[in-house]
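Worksheet: the structure to be examined is printed underneath.
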Amino acid sequence: MTDLSDAPAAPQRDRREGKTIAAAPNFDLLAGVSLRVSVEVGSTSMTLAELLTMTEGSVIELDRAATDLLDIYANGTLIAKGEIVSVDGRYGIQVAEVVAPDRGIAGFDRRA
19 MTDLSDAPAA
29 PQRDRREGKT
39 IAAAPNFDLL
49 AGVSLRVSVE
59 VGSTSMTLAE
69 LLTMTEGSVI
79 ELDRAATDLL
89 DIYANGTLIA
99 KGEIVSVDGR
109 YGIQVAEVVA
119 PDRGIAGFDR
129 RA
């Protein structure tokens, strides 16, 4: 008889809707998946008439103060907040806070 006390434990499994799901998913499988990352500076509502009267030099007032953090989205899901920085003459975003990593997907806002 073989002693298996030194053998590594099998990963925990969970059964949901008749499917077996590994408790600790292998995120390495997803490492190459591309996501669309976007940054929202602010937003506003305007009528079509207001939009059509815009010309070069027009200013659109947004719903945020210049000092507020910007929202960072991955595929339409809010993941972080950050601020604008300059990187070699180009815009960049420095992440100031990651949004609710412990709350899971239910805690994130989703944009259409």
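Take the sequence shown: its position 13, counting from 1, is numbered 31 in this note's numbering, and each next residue is one higher.
The beta-carbon is built from N, C-alpha and C at its ideal position, and this holds for glycine as well.
Predicted model, so just to flag it, every value in this text is computed and none were measured.
Grab me the residues of M72's own chain with a C-beta within less than 8 Å of its C-beta, minus the 5 sequence neighbours each way, in chain order. I78
For the alpha helix (DSSP H) holding L80, just list the boundary residues, first then last. Run containing L80: none; DSSP gives neither H nor E here.
What does G107 pair with, by DSSP beta-bridge criteria? According to DSSP, which records beta bridges pairwise, G107 is partnered with nothing at all.
Our contact map puts V16 next to L87 with C-beta atoms below 8 Å; I'd like the distance itself, whole angstroms only. One cannot answer for residue 16 here, as it falls past the ends of the chain, which runs 19 to 130.
Alpha carbon of A118 to alpha carbon of A98, nearest angstrom: 8 Å
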